[in-house]
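Notes follow once the structure below has been shown.
2 protein chains.
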Amino acid sequence: MQQVAIIGIGQTPVDEHWDKTLRELAGEAIFAALKDADRTSAEGLFIGNMMSGMLSRQENIGVLIADWIGLPGIEAYKIETACSSGAAALRAGIMAVSSGQMESAIVVGVEKMTESLPIETTEGLATASDADYEAAQGLSFVAINALVMQRYLHTYGWKHTDFGAFSINSHANAMGNPFARLHEPITQKDYNQARMIAAPISLLDASPTGDGAAALYLIPANNLRPGAKQQITIAGSASAIDSIAVHSRKDPLWLFAAARSAEKAYSQAGIQPNDVDLFELHDAFSIMSALSLEACGFAERGQGPRLALDGQILLSGKIPITTRGGLKARGHPVGATGIYQVAEVVQQLRGECGSTQVEGAKIGMAQNIGGSGSTIVTTILKACH
Amino acid sequence: MQQVAIIGIGQTPVDEHWDKTLRELAGEAIFAALKDADRTSAEGLFIGNMMSGMLSRQENIGVLIADWIGLPGIEAYKIETACSSGAAALRAGIMAVSSGQMESAIVVGVEKMTESLPIETTEGLATASDADYEAAQGLSFVAINALVMQRYLHTYGWKHTDFGAFSINSHANAMGNPFARLHEPITQKDYNQARMIAAPISLLDASPTGDGAAALYLIPANNLRPGAKQQITIAGSASAIDSIAVHSRKDPLWLFAAARSAEKAYSQAGIQPNDVDLFELHDAFSIMSALSLEACGFAERGQGPRLALDGQILLSGKIPITTRGGLKARGHPVGATGIYQVAEVVQQLRGECGSTQVEGAKIGMAQNIGGSGSTIVTTILKACH
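Top to bottom, those sequences are chains W and H. Under this note's numbering, the first residue of the first sequence is numbered 1, with each subsequent residue one higher. Under this note's numbering, the first residue of the second sequence is numbered 1001, with each subsequent residue one higher.
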């Protein structure tokens, strides 16, 4: 199997982009990635997106975007796995390049969430859960996560305030990321006083939505040529699923699909968790940070918050997480998030992160979660020597 | 690049399935394909679907369906390219298997269209066109195709009634297909008297919607073992795009993406059009039959209807088309259609088609069209010797 390299990245700011359509946002990220890769075209386009049909009344966005960026005649697809659509599109791009069917591919994640009514967005996000058995009960997506968090607090005896360190870290790191949605540092006092959204999830546990796009340029690793930039290969890439409904799981506090995809990716990369220099995890809600750290081998079960409280998730800690702000502060334009995460790992391995640089980072991991832990993609990147 | 073989197929009848949910329909086709392949599991699941979010308020259907069929832990994705979502999912499955990342994959196309209000379905289908520049003008999907047909009649001087032979052939062939939506033979008189939907497209030019699912089981061709059934390999598989809006094309009467994908597929398979024994083309509207035949090298430009009028598209003709009823009579559950087409070609190459068998068929082609010709996938299958 041919290894794949990432030679270009592009990101738009995550924001309310009232002046840009879906295709324009995607195009902006793609043009940035093309420029970064020093290329003008590619053989395939893989788009991660969840809600273009429901919120923008536009499907067929593979063609829409390829047409807009001036690449007729290529192959173009939309890939959807709820909030992990971005990383799923990356999986498809990796398979296309590693199969030898393409010598180059652009992967772009894009989501436009802020032009629709809030109720439409909430309804749209609920389609990530089981429509017949969860959403039909009136459970919104945040409500499902609130039930999981409440169970976690009950089972392991943590207090809600113990989760503040996750959000404080993400907000602090976003200060160094020009593409982040929120540039507002927060304190433990802010966290403690934040208003409840769906108890025990407060406003400062939940990631903000937003419009955004991020892109990657892939080529076979064999085709890498000496260049000015640190070269990056995809050392591990794996996806796994769990049951879609949380109530169907043996253990609602164990991210089976995170553990399984991470094990596969570690094995492909030939590494252990302690070899990972930074971890862009999927902190859509602060509870997910704890569950991801536990499933991926960075903390014992029920001990995720301990890592945060001990400062081990900071840039200087044992396992720095959400180094560019994470979903909590960079923002969570759902289908784009998985590509933002990988682009951010690339920036870290290139040493381009300024005030939020993890010193000497050589191996970085990203994990993108769709649904309430139902479909999870883990990606491990390595800087070439 | 590893060649890929199809060792199992499954289809549900195309119908109004009021008693079955999306996941049940997909499961039914998958279980049939597993049985046909004599397998119980697979490493990946690729789902072609267009409108589950808009019509069933359910995204994340990769997990939904994998969970339902009892295959937790596998990889599962939804792939969307409007009405060619089925064949796009097949492209993704082929890349996954030929990359060596999977030893087996299930590809399923599924669409549930008849539970929603007709206006919702019409709105949903319009998302295949350019929402900002076509749908925003009030153009439905059938209206766009009507404009193309009107232009064709004007340019080449055909009468509307000259297209009847396409629909008569599809309806006749569906009589031999138990999975077809319509089992009603039609005459030229019926065609001439059919009521207009969007002039010049009448009810008997347009394919019916429906609920349905079809599935394929893929393995590396190297792993084929001698068996009772005729073995089938994918000799050619290619996808191409055109501009999304018809008004952006240099020539609205030339299916650029059909020609380009067919050329690539012919080249991969090492064949010419006259080597093709049958062609499952995308007759969503009768005009598309003519345009596909022309773009793929079976007829001169403007001469597609001539083939039909001369009987060359019949089972006994030079290039039999829609041998199991086509979109016109088998039905067009949009995201499933591309997989029905390929399953039907497999049936022909295995010699399982009874009264609609193309005698001695060794090479079959399928072409699935998304949007008004904007994204097109061509697949060529060969019977192994």
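All C-beta atoms, glycine included, are put in the ideal place defined by N, C-alpha and C.
Among W:Asp-205, W:His-171 and W:Asn-192, nearest to Asn-145 of chain W - alpha-carbon criterion: Of the listed residues, the one whose Cα sits closest to Asn-145 of chain W is W:Asp-205.
Is the segment 161-172 of chain W touching the segment 281-299 of chain W, taking contact as three or more C-beta pairs under 8 Å? The answer is yes - the segment 281-299 of chain W touches the segment 161-172 of chain W, with three or more Cβ pairs under 8 Å.
Pull up the DSSP beta-bridge partners for Leu-1216 of chain H, would you. Beta bridge pairing from DSSP links Leu-1216 of chain H with H:Ile-1009 and H:Val-1107.
Taking the alpha-carbon positions, what's the Lys-382 of chain W to Phe-1279 of chain H distance? Using only the alpha carbons, I get a separation of about 47 Å.
Measure the Cβ-Cβ separation of Val-1334 of chain H and Ala-1082 of chain H and say whether it is below 9 Å. Yes; because the gap between Cβ atoms is below 9 Å, this pair is in contact.
Please list the residues of the segment 71-92 of chain W that have a C-beta atom closer than 8 Å to any C-beta atom in chain H, keeping them in chain order. Against chain H - using a Cβ distance shorter than 8 Å - the residues of the segment 71-92 of chain W are Pro-72, Gly-73, Ile-74, Glu-75, Ala-76, Tyr-77, Lys-78, Ile-79, Glu-80, Thr-81, Ala-82, Ala-88, Arg-91 and Ala-92.
Say whether chain H places a C-beta atom closer than 9 Å to the C-beta of Gln-101 of chain W. Output row for Gln-101 of chain W: interface = yes.
Option nearest Lys-112 of chain W by Cα separation, candidates W:Gly-270, W:Gly-212 and W:Leu-307: Ranking the options by Cα distance to Lys-112 of chain W, first place goes to W:Gly-212.
Run down chain W in chain order and give the residues with a C-beta less than 7 Å from the C-beta of Asp-1132 of chain H. For Asp-1132 of chain H, the neighbours in chain W by C-beta distance under 7 Å run, in chain order, Thr-21.
Under the three-state reduction of DSSP, which class applies to Lys-250 of chain W: helix, strand or coil? Coil at Lys-250 of chain W, not helix or strand.
Would a check of beta-carbon distances place Asp-1067 of chain H closer than 9 Å to chain W? Yes, Asp-1067 of chain H lies at the interface with chain W (some Cβ there is under 9 Å from its Cβ).
Beta-carbon of Val-63 of chain W versus every beta-carbon of chain H: anything under 9 Å? Yes, contact with chain H.
Residue-level contact to chain W via CB, Met-1054 of chain H, 9 Å cutoff: So yes, Met-1054 of chain H belongs to the interface.
Does DSSP put Asn-368 of chain W in a helix, a strand or coil? It is a strand residue.
Glu-280 of chain W: contacting residues in chain H (beta-carbon distance under 9 Å): Here the premise fails: no neighbours, minimum Cβ distance about 21 Å.
List the endpoints of the continuous beta strand (DSSP E) containing Val-377 of chain W. Element bounds for Val-377 of chain W: 375-383.
Residue closest to Ala-1214 of chain H, alpha-carbon to alpha-carbon, out of H:Ala-1032, H:Gly-1311 and H:Leu-1309: The residue with the shortest Cα to Cα distance from Ala-1214 of chain H is H:Ala-1032.
Should Gly-124 of chain W be flagged as near chain H, meaning a C-beta pair shorter than 9 Å? For Gly-124 of chain W, the answer is yes, since a Cβ of chain H falls inside 9 Å of its Cβ.
Under 8 Å Cβ-Cβ, which residues of chain H neighbour Ile-241 of chain W? Chain H residues near Ile-241 of chain W: Gly-1062, Val-1063, Ala-1066, Asp-1067, Pro-1072, Gly-1073, Ile-1074, Glu-1075 and Ala-1076.
Straight-line Cα distance separating Lys-1159 of chain H from Leu-1291 of chain H: In a straight line, the C-alpha of Leu-1291 of chain H is about 16 Å away from that of Lys-1159 of chain H.
Considering only residues of the same chain and omitting the five flanking positions on each side of Asp-1242 of chain H, which have a CB-CB separation below 7 Å? Excluding sequence neighbours, Asp-1242 of chain H sits near Arg-1249, Phe-1256, Ala-1257, Gly-1373 and Ser-1374.
Residues in its own chain within less than 6 Å of Ala-366 of chain W by CB, not counting five upstream and five downstream? Glu-280, Gln-341, Val-342, Val-345 and Thr-379, listed in sequence order.
Secondary structure of Met-175 of chain W, DSSP reduced to three states: Looking at Met-175 of chain W - three-state DSSP - the assignment turns out to be coil, as it is neither helix nor strand.
Residues in the segment 203-230 of chain W having any Cβ partner in chain H nearer than 8 Å: Within the segment 203-230 of chain W, no residue qualifies.
May I ask you to list, following chain order, the residues of the segment 1233-1260 of chain H that have a beta carbon less than 7 Å from some beta carbon of chain W? Identification of residues in the segment 1233-1260 of chain H having a C-beta nearer than 7 Å to some C-beta of chain W yields Ser-1239, Ala-1240, Ile-1241, Asp-1242, Ser-1243, Ile-1244 and Arg-1260, given in sequence order.
Please go through the same chain and pick out, in chain order, the residues whose beta-carbon is closer than 6 Å to the beta-carbon of Ala-1037 of chain H, but skip the five residues on each side of it. Only residues of its own chain outside the window of five on either side were considered, and among them Ile-1007, Gly-1008 and Tyr-1217 have a CB closer than 6 Å to the CB of Ala-1037 of chain H, listed in chain order.
Could you have a look at Ala-1245 of chain H and say whether DSSP puts it in helix, strand or coil? The three-state secondary structure of Ala-1245 of chain H, taken from DSSP, is coil.
Identify which residue in W:Leu-55, W:Thr-127 and W:Asn-49 has its Cα closest to the Cα of Gly-62 of chain W. Nearest C-alpha to Gly-62 of chain W: W:Asn-49.
Taking the CB atoms as reference points, tell me whether Gln-1002 of chain H and Ala-1221 of chain H lie closer together than 9 Å. Yes, these two residues count as a Cβ contact at 9 Å.
Pull up the distance between the alpha-carbon of Leu-959 of chain H and that of Asp-1015 of chain H, whole angstroms please. The requested residue 959 of chain H is not part of the displayed model; chain H covers only 1001 to 1385.
Tell me the residue span of the beta strand (DSSP E) that contains Ile-79 of chain W. Looking at the DSSP string, the run of the beta strand (DSSP E) that includes Ile-79 of chain W is 75-80.
How would you call Leu-1349 of chain H, buried or exposed, if buried means at least 16 neighbouring beta carbons within 10 angstroms? If you draw a 10 Å sphere on the C-beta of Leu-1349 of chain H, you find 16 or more other C-beta atoms in it, and that means buried.
Under 8 Å (Cβ pairs) to chain H, residues found in the segment 261-290 of chain W: Within the segment 261-290 of chain W, no residue has a Cβ lying closer than 8 Å to any Cβ of chain H.
Need the endpoints of the beta strand (DSSP E) that Ile-197 of chain W sits in, please. Residues 196-198.
Between Ala-96 of chain W and chain H, is the shortest Cβ-Cβ distance under 9 Å, so that the two count as touching? So, interface residue.
Would you say Ser-129 of chain W lies against chain H (beta-carbon separation less than 9 Å)? It does; some Cβ of chain H falls within 9 Å.
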